Structure formats: C-alpha cells, structure tokens
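Single-structure report; data block below.
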Amino acid sequence: MYRLAGWAGVVLASLCLPLVACATDADHHWAWKKPQRPAVPTLSGPTPSNPIDAFIRAKWEAVGLTPAPRASREQLIRRVTYDLTGLPPTPEEIDAFVNDRSPDAWAKVVDRLLASPHYGERWGRHWLDLARYADTNGYEFDEPRPDAWRYRDYVIRSFNSDKPFDRFILEQIAGDEAFPTDPEALIATGFHLLGPDMTDSSDQAQRRYNTLSDMTDTTALVFLGLTLTCARCHDHKFEPLSQLDYFRFMAFFTPAAFRRDLSVATAEEVQQFQRQQEIYQDLTKTLRAAIDAIEEPHRQRIYEAKLAKLPADAQAAYRTPREKRTGGQLELIAETERQVQVSEAEIAKALSPAEKSRIDELKDQLKAFDAKKPAPLPTAMGLKEGSPQPPKTYLLERGELANKRDEVEPGFPAILLPGHQPTPATITPLPTSTGRRWALAQWIASPDNPLTARVIVNRLWQHHFGRGIVATPNDFGLRGATPTHPELLDWLACELIEQKWSLKALHRLMLLSETYQQSTIVTAEARERDPGNTLFSRMSRRRLEAEAVRDALLAISGQLNRKMGGPGVVLPANARAAGGARAIAATPDAREYTRRSIYLFSRRNLRDNFLQAFDFPDTNLSCPQRERSTTAPQALALLNSPEAVTAAQRLANRLQQEAKTRKEQIVLAYRLTLGRSPTAQEKDRVAAFLQDSPWSEFCRALFSLNEFLYLD
Amino acid sequence: MLPPVVDRRRFLRHAGFGLGSIALASLLHDDGLLASDAPVDPLAPQKPHFEAKAKRVIFLFMSGGPSHVDTFDPKPELTRLHGQLLPASFGPVKTRRGVDKNKLLASRRQFRKYGQSGIELSDWFPHLARCVDDLCVLRGCYGDSVTHPESVYLMNTGSVLMGRPSLGAWVSYGLGTENRNMPAFIVLPDPGGWVKGGSPAWGGGFLPTVYQGTVVKGGSAPIEHLANPPGISPTQQRKTLDFIAESNREHLASRDNDSELAARIAAYELAFRMQAHAPELVDLSKETVATQRLYGLDQKETAEFGTRCLLARRMIERGVRFVQLYCGDTNGWDGHSNLEENHGKLARASDQPIAALLTDLKQRGLLKETLVIWGGEFGRTPMSEGTSGRDHNPHGFTLWMAGGGVKGGVVIGSTDDIGLRAVTGKAHAHDIHATILHLLGLNHKKLTFRHNGRNERLTDNGGEVIYEALA
C-alpha cells in the first residue's frame, strides 16, 4: 500500500462518485458477477509456464515493458522466508539454496517453508488482523478473556494444515451448527465475539446489539469485502446496499447466544474428566467435609463483616441474585470485590490454635490426592443456539435499538442475488438451532459466490506483492479500488476453487511465478512506464512488520523460544494497571518472554510499546492492511528499547561462541542480520568501528540498518 | 484541504513524527529524486480549510465526571428542594446506580458572581474566578451513556464505542504540527492512574499510528525509548549513529535512492535531536521562581497538577499542536460518596494551576491562539447517592472553553431548575467537537478519512458548530 500510483484506482473511484450513483452502473459492477475463468493471454514471445506471468506480461507488452532482472538468490531466500514465516533464513538455509543447482531449487525452498509450522504463525497473524483479535474485553475494566487464545491457535493450526478455505469459512461462521461435535469448529465461532465488549454495560440489550452489529459488519468486510456497515443507519449512500439488506444480514446472527464458556472438550475428554472427578471426590469426600466444617463459618463471618462495611447500594448488589444484577450493580461489584474477598490467610488467622493444627493436618492429607485431581476441561468463546425457533428481527430506524420497524427475515444482500430482488434465504432448521448461520456460511463458502474467492486471493496477493490487485482489500464495492488486473484476479479466484480452496496451492503458484522473483531494482524504463509499480514490473521493497522486527531480533540473537500455542504471554512491562483495568499477572516463566510476538497477550487498553511503534494495528476494528510509517520513535525503539539492547548483547555473545576469528565473527553477524556476507569495504568499516567500540554496539547498529528492516 | 490525492499520499508516505522537512527535502533533492516519489511528512504543518483563530489546543480533561451543580451551574431551586424526592414532573431518568428514587441533594458550595460578566462560580475556584471573563461556559452539555468508559470515549472520540480516533488525533491529522522534534499530540496522564477506558481515549483508531497521543512524563526520559541504553555515553551513541548512517547511505545509493529509505535515514538524525530536545522541554528549572509560584509548584496540594500545566504551556509555546492533561486519577472526580471531600481535594489541586495557565498564556500573548478546554465525561445527579454523593449524569453538564477565538465571559445553554437535564443551548460531543475543529479552521464535515469503505469523521453524521461561542 506504499506506492502512490498504486492507488490511482482509488483516487479515480472517489473522484467519480457522482457517476456511480446511477442505478445501471451499480447493477453492473464487476464484483457482483461470478468470476468466469478467463483464457490465459498469449504473448508475442514464448508463453510463460506460470499463467500469472502471462497475465502480468500481457500488460507489460501493451506499454512496452520488459521483465526486471531476477533477484539474487540471497535476496530471494530472505524475501520468501520472511514472507512465509515472518523469520529470517539461517546461514545454513541460505547456503543450501545458493548452492543448489537443481532446476527445482526454488520450488524446494517454497515447499519447505510452506510446510514449516512458522507459516501458520505468520499467515495466521494476517488473519487475526482481519478478525480484530485481542485478549481482553476493552472499555473500563479491560478484563482478560482467558480463552481467546484458543481461537488464535485454531487459526494457526488451520493455516498450517492447509484447511480448505471454504471449510475455514463454514467453521467460523457456523461451526456450532455444522460440526457440533468438533471442538475445533466450536472454537472457530469465537471469530464473532473477538471485538471489544462492554460486559458491565448499563444497557445489556444495547450491548448485545453492539455485538450483533460488530459481527454483521465484520463478516461482510472480511469474507465478502463488502462495506455493509454504512447501511445500518440508512441505505448506503454509495453502494447498492439498503438498510433492509443490513438487517436481513443481521438476522442470520440474531438467534445466537454469545457464550464464553462453550465446552470444547472432546467426548472422550469429558468422559475421562468425569471418571477422574468422581474418583477424586470419592477419595476426598470426608477430608473436604472436615475442612469445610471448620473453615466455612469463619469464611462466612469474615465475608459478612467485610460486606457490612460497604455502602448500602453495594451491599444490595451482592445480595441480588447474580442473574438479576443490573449493569450498575455489576460495576459496583467489580469495584468492590477485592474488599470482600476472604483470603486463605485471613481464615488461617481466625482459626483457634486447635482448629489450626487440625486444618494443617487435614490439608496435608488432602494434598496427597492432588495427583488424582483432573485438570479442568477446556472452554472457549463462541456462538451457540438452543432452539430451532428463531427470535424476531426488526429493521431499526436510524440503526437505533429503540426504533423497531418492520420484522425482517434473514436474506443475502439483494445486489448479489439473481435479478437483484430481496428474497428471503432458504433455511432448513436443525434439531437444536435455526440453521440460519449455516445457510449464510454455505452461501459465502459457495463457488458461486461472486466475492468470496476473489476477496481471499486478493489478500494473498497483497501480502506477497505488497499491494492487492484490488488495492482496497476490505472494499470490493463501487467505491473500492478498480482492480489493476481484473482477468488475473478472476483467474486466481477460479483456480482457488479448482484447487479445492487450498491456500497453499495458491501461495505456491504466486511464489513460483517469475513476477514474484523479480528484483526490486527500478530500471529507467520501469520508472518511466510504471512509476507506481501498478503493473508489478518489479518487486516492491517492503518493511518488516512489527512482529517480524521483534521476532527477528529474537531469532538473530539466538533467544527465540519456538514453543507454539497456549495462553498469551504477559510480559512484565505489559502487566501493569491501566485506568480501570487492573494489573494482570505477568507470565512467571521468563523463558516465555522470548516467544514469537503472535503469542504475546494483547490488551486493548495497554498496547505493547515496541510493537506499537512499528504500526501494530488497533485491535478494535477489522484491519485489512497495516500502515507503514517511517518515524523517529521507530529509530528510538531500534536504538534504545530493551528489546533491541538485549538482542544486541546476546548477538555479540553468540558471535563469540559460534565463530572463531574476528573476521569470521563479522561475516556471521552480517549473514545473520542481513542474509549476506559483508563486502571488503564493509569489513574495513566494521574493523575501524570495533577499534574503540564494543561488539554489542556493532550489533546494536546492525539492527538499525535499513537493509535489516527492509526486504529486497 | 486534503484533496483526495494529497490525502492518499499523506497516509501512504509517512515520514514523521517530525521528520525535519527541510532536512528531508534537501536529502531528496540532493539525490535528484522525483518530487512525485518523495515521501510526504504526515505531520508537516497543513493549511486549515479556512482562517483559524486557534492554532493549538490544551484539553484539561477532568476524569470521573465533575459535578456541574457544585461548580459552574448554580441551582437555587435544588437547594430549596433539598431532601425531597425528584418531582414526578421530571419523568423517569436513567442513571448508572439507579438513584432516580433518591432524595435531592443541595450543593454545600457558595456561588458568587465574578468579573465584569458576572458569571457565577462556586467557592471551590477562587483563582479561576479572576479569569472568568475569559471563559465561555457551556451549561447545556449532554452525552449518550451513563458509564465512564463509554462517556470518556464519547467526549474524546465522538463515539461511545471504543477504538475511534480521538480529537487530538484528528487535529494532528488535519493540521500536522509546527514542532518537528516532538509528537503533534501529547498526553500528560494523571500520575495516580489513567482515565477509565485507558489509552484508547487518546488513541488513533484507524488513523495512522503517527497521529495518536504520545504519553510524555517528566524526568530524563520523558518519552518511551528516549534515553540511551545504560552505560552508553553520548559520544558512543554518536559513533554508533555515524556507523549506521554511513552504512545506510551506501545502501541507499545502491537502491535507486528509494525515498522511503532516505526518510528513515533522516529519522535517525531526528531521533538524535529529540534526545537532546525532549529533556529540555520537561526541564522546569529554567522557569522563574515567580512562574513556578504562579502555578503552585511551591505548595504540596498544587505542585503536581501545576507542573503538568506548566509543561503544557512549554509545549504549546514550542509549537506542539495538541496537549491533553488528565486531572484526577482513575476514579478522579467520581464522587459517588463524600463528594465534598472528593471534589474539594481535586478543586484545590487544580484551581490555581488552571488559573495560572490561563494567566500565563495571556501574558505571553499565547491565549488568543490557544484554545483551552475544561470538562469531564459527564456531570453528576442532583439526586443523592448514599447521603453525601452524586451519581453519573450525562443528561446535563458543563464544559468551558477559553482563548483561541472563543467569546469570553459568556454562558451558553442551561440545565433545568435542578440541573438534571440540559434544556437550552444543548451541546452534544459532536457539537463541541465541530466547534473546536471550526476554531482550528477545520470544517468537521470535510475532515475525513477513508476506512473500510467509509469516509469517517470525528462527528459521525452529526455536529453543529456552536456559533454563539465564537468571538
């Protein structure tokens, strides 16, 4: 998204605003029609073996451009390793490729990287941007979502296993309806609940409506590239999307309950848990009863005494049954619950000496059974329905909950239906659910949907080539950018379906193209005829994203902990209280602090300083494309942050350990950070620098080299 | 301003904060780069849509929601009805903690008329009373939510939903900044804790990160990552930077003089300058004793907030576009119980520093170009909570502005007889934001940013400029 002229399409589209308002144009917009596989263009010269190259070169021929030179092997392996895994290649990997003279050397690298588990960590992160993923609720208390990470891991696993993209859609939109016994599919529905959520809202109906709107908006943006959001309050001003379309789309979601405690254990796990729980309960029944008999009266007394000190309204809140508490009462409780908590220490203090020794004895005995205690069963956030009978959905005037108008039935946006007539969707109720989301999921994941395949192949292209064929990846509407290569886009969309929705097949196709393997050199001819690189006449130089910068520092300095999955890692620096949000516990094991950035616990109200400096996106709305800024705070972060300083020291140590001579150490440093050996001139410069500067300073400097931060 | 092409280029080609435009331009020109390919500094000063009265903003945010009926909105009728239930004529009313059936609570403050304008203030503000003829008091403000975070977001970002760009971010986006060595939008949170809702209150939302508020603290490392690593001398830092610069220039020459790479080289030089500049900015030792006293730095109660008010003046003086101060810790003015003590303490902590800020800006000739805003996320109920507190009241509350093209010594709008609801001159956050942008020379309907297919703006679909407030 960096090159100006790449956006010519956007600029033109917005200048043409008044024109597109006319109905016939709106009806005939390319993106509303199902893509037909176009013929691969024939060129004047030999036809390239990869159809992508044929489509790209056809445009060059038209303006008289010739291919840019191929990038060097060192550049290529660095480019593709970051591109597919978000990590730098090792010197051994570089050597293996540089020295591999077999004709399929490049394909072997691509296949190896696609099979790497780090691929899912890299491409899963792109998806998490779209899904507005974070580990907390936001608003005042910003409470942790203890199970959000299961969705993050689900995404990583899905990419790694090359789950067919249509299945990936079905699971996220309607996993509970479609695959009710598959824990993966239940976790997938967490997609809908990832946005910010004010749990203690004073108006719980409004809270639910906010979440419904968020899932309606996000589903349309992410899967369909449709800016349905704008049609909530009024008919879309620029797209043929009506307010009726909006609420018919929302109606697919209205029967769902928003759950944070979905059991995602397998039947086997549940059985085993119950068996073990029974055993544990039986074994410890007498012991536990004996402990309770002594402790409970004290606990109750201390609790009551604490409660009595609270203001009357807070006391009333505690005495109100849980399900009847108002938002204000929930807030009161959240604010005061620490004041009424009874700690083990307080109870211990209250016990008589005789009671105390008895309790110690009992607890020691109980401890002996800890090994028999079953681990709690996994739960996740997600959607669930309880009945085939749907609740009513209404069109809301001005999008306001208080202004109910006509009842609406679920339906797909009319502009995407034959004849553009608003027709209710055909829905088959399931035994315990309405089947509405299942119908929506099938419609989106259908090869006949005009948008789905195009939208996802465009996202792949965007991340590989630096800019989408459609430069507005979440907006394929009339106001979105015009595709620079519409035939190629359609060809790729059809190919994805043909390849049974395998994303890895499409990655492979794109990466094996000569277009991808071009160098970033701008020839005089290219500067003149394709100044903005809209014709992809060279590779766009790209800056590493926030996570890639941090992960590379860790990898290069030998600190990276490659452990995958599990609850988010809370760095000590990100554990503090922030406004109404309480301090959270930092992950105790320091070895976790050097795990990949995708595993860092993401707080909505307290963002990580280092990642933020490098344009880590806001997590509250779907982000299809990251900003790429060049700022002084980035320079400061690479010079002075604890992340960079520690990495520099660790790299200096690594060099001493892994290379013998001073010269070899310098070479290794360049190979690790820049993926190449230093020139003679560079060796001299480093030697001069090291005369009166320590090695750690040399390493710190390396991280500030543009060549480290950019991919050629 | 911002025709589409410029708009695009600005957010595509970032090179701030504060990449010295001269340094950068000369770098690029020396290298013979095409002008069309040059990075656009997103924080370069921008011409407003029309001539502006205000050039800079200081937003004094009173977190927790100060009571208007005890500060800027006297209600004799509330005193008369003290101890009675809310008259039925007021109808149902929504509050956070359901105090609608509680008894009315008179203010224990004394109100008096001050200045030529005769605006009434409570006796909590003896210092501010002397500046009253500079104030434009909006007594008819109202909001959309009874909760803190939603209301904090509303007053700061124009939406109760979290994640929208804040006022300061929009202003930085619209106007850039004159100080190339500092962020355009600086936030000075209360050291006792952040406002409820946290950093999204000064966030950039979907705007490029460069526009979001940057937290600045006192001391030797006022900005994150500003200090050299432990044990690294300035001489060593310079040597390391020289090594970086030399390597990067060589790299640049072999990469077609890519302008983004050039911009990053300049960013390192700027970072080095910032390391010298920022500590100077927060060093108050150069201020005269008289100035320090004026802000109350010599008294325990006022020293902390006084320090931040003085920092705000120094920042404004040096061309920072938008400075936001939070007054009150995480609970702040949230006087659910014992409001007298809660508000009394915060009023004493802030009255003299705020008056000093207005006086100091005025005597330095800065007030006419600096818009000062005072307000919280909502007011408080005329009904009591417990025996001595008040609940949240978004239905009617007060915010004031001063300086920067605002009409001084006027009161606009009013609440009903007991201060429950705004009834005349009603001002929603969208109206207030539209007015602030107008004073800065920006048309709130034209200051837009395309996000996920929509031309987003601070005022969403609403906002009317409050023309009565303009000088």
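Residue numbers (my numbering), protein chains in the order written: chain A, 1349 to 2060; chain B, 129 to 599.
Don't be surprised by glycine CBs; every beta carbon is placed ideally from N, CA and C.
Quantities reported herein were computed from a predicted structural model and do not represent experimental measurements.
If the five residues before and after W298 (chain B) are omitted, its C-beta is found closer than 7 Å to the C-beta atoms of L575, L586, all from its own chain and listed in chain order. In chain order, S1888, R1890 place their CB closer than 6 Å to the CB of G1814 (chain A), counting only its own chain and leaving out the 5 sequence neighbours on each side. Contact annotation for Q364 (chain B) against chain A: S2041, E2045 [CB-CB distance below 8 Å, chain order]. Per DSSP, L171 (chain B) lies in no alpha helix (DSSP H) and is assigned neither H nor E.
Not one beta carbon of chain A lies nearer than 8 Å to the beta carbon of L495 (chain B). Excluding sequence positions up to five before and after F1403 (chain A), its CB lies within less than 8 Å of the CB of V1388, P1389, H1833, E1835, L1836, W1839, all in the same chain and listed in chain order. For E1491 (chain A), not one C-beta of chain B is nearer than 8 Å to its own C-beta. The Cβ atoms of A2017 (chain A) and L2038 (chain A) lie no closer than 8 Å to each other. DSSP, read as helix, strand or coil, puts F1571 (chain A) in helix. Residue burial annotation: F178 (chain B) is exposed, with fewer than 16 other C-beta atoms found within 10 angstroms of its C-beta. Residue pairing by DSSP places E1755 (chain A) opposite A:Y1742 in a beta bridge. By the 16-neighbour rule on beta-carbons within 10 angstroms, P1531 (chain A) is buried.
Near chain A, meaning a CB-to-CB distance below 7 Å, the residues of the stretch 339-354 of chain B are E352, H353, L354. Along the stretch 488-517 of chain B, going in chain order, the ones with a CB nearer than 8 Å to a CB of chain A are E513, G514.
Taking C-beta separations shorter than 7 Å and ignoring five residues to either side along the sequence, the partners of S195 (chain B) in its chain run G463, L467, H471, G507, R508, R518, following chain order. Spanning the alpha carbons of V315 (chain B) and G326 (chain B) requires a straight line of approximately 12 Å. With fewer than 16 other CB atoms across the displayed protein chains lying within 10 angstroms of its CB, G1767 (chain A) is exposed. What Q1625 (chain A) touches in chain B, judged by beta-carbon distance under 9 Å, is nothing: the nearest beta carbon there is about 39 Å away.
R1951 (chain A) and P1512 (chain A) have their C-alpha atoms some 31 Å from each other.
Boundaries of the alpha helix (DSSP H) around K367 (chain B): 362-381.
Here Y1864 (chain A) is buried: its Cβ has 16 or more other Cβ atoms, across all protein chains shown, within 10 Å. At least one beta carbon of chain A lies nearer than 8 Å to the beta carbon of K324 (chain B).
Nearest neighbour of R208 (chain B) by Cα position, chosen from B:F200, B:F189, B:K231, B:K222, turns out to be B:K231. Remark: C-beta atoms of V1805 (chain A) and F1571 (chain A) do not approach each other more closely than 8 Å.
If one requires a minimum length of 3 residues, the beta strand (DSSP E) runs lying completely within the stretch 438-508 of chain B are 450-455, 498-504, in chain order. Q1677 (chain A) and I247 (chain B) have their C-alpha atoms roughly 38 Å apart. Taking all protein chains shown into account, Y595 (chain B) has fewer than 16 neighbouring C-beta atoms within 10 Å of its C-beta and is therefore exposed.
L1778 (chain A) carries a strand assignment under DSSP once its states are collapsed to helix, strand and coil. Nearest in C-alpha terms to I1639 (chain A), of all of A:E1692, A:F1621, A:K1657, is A:E1692. E1679 (chain A): member of the alpha helix (DSSP H) spanning 1675-1688, first to last residue.
Close CB contacts of P1386 (chain A) within its chain, under the 7 Å cut and outside five residues either way in sequence, are with E1835, D1838, W1839 (chain order).
Between the alpha carbons of D1661 (chain A) and S465 (chain B) lies a distance of about 11 Å. Exposure of Q2029 (chain A) is indicated by the presence of fewer than 16 other C-beta atoms within 10 angstroms of its C-beta. Between P1436 (chain A) and G1906 (chain A), the C-beta spacing is not below 8 Å. Taking CB atoms only, N1881 (chain A) has no neighbour in chain B less than 8 Å away.
By the criterion of at least three beta-carbon pairs nearer than 8 Å, the stretch 478-498 of chain B is in contact with the stretch 422-441 of chain B.
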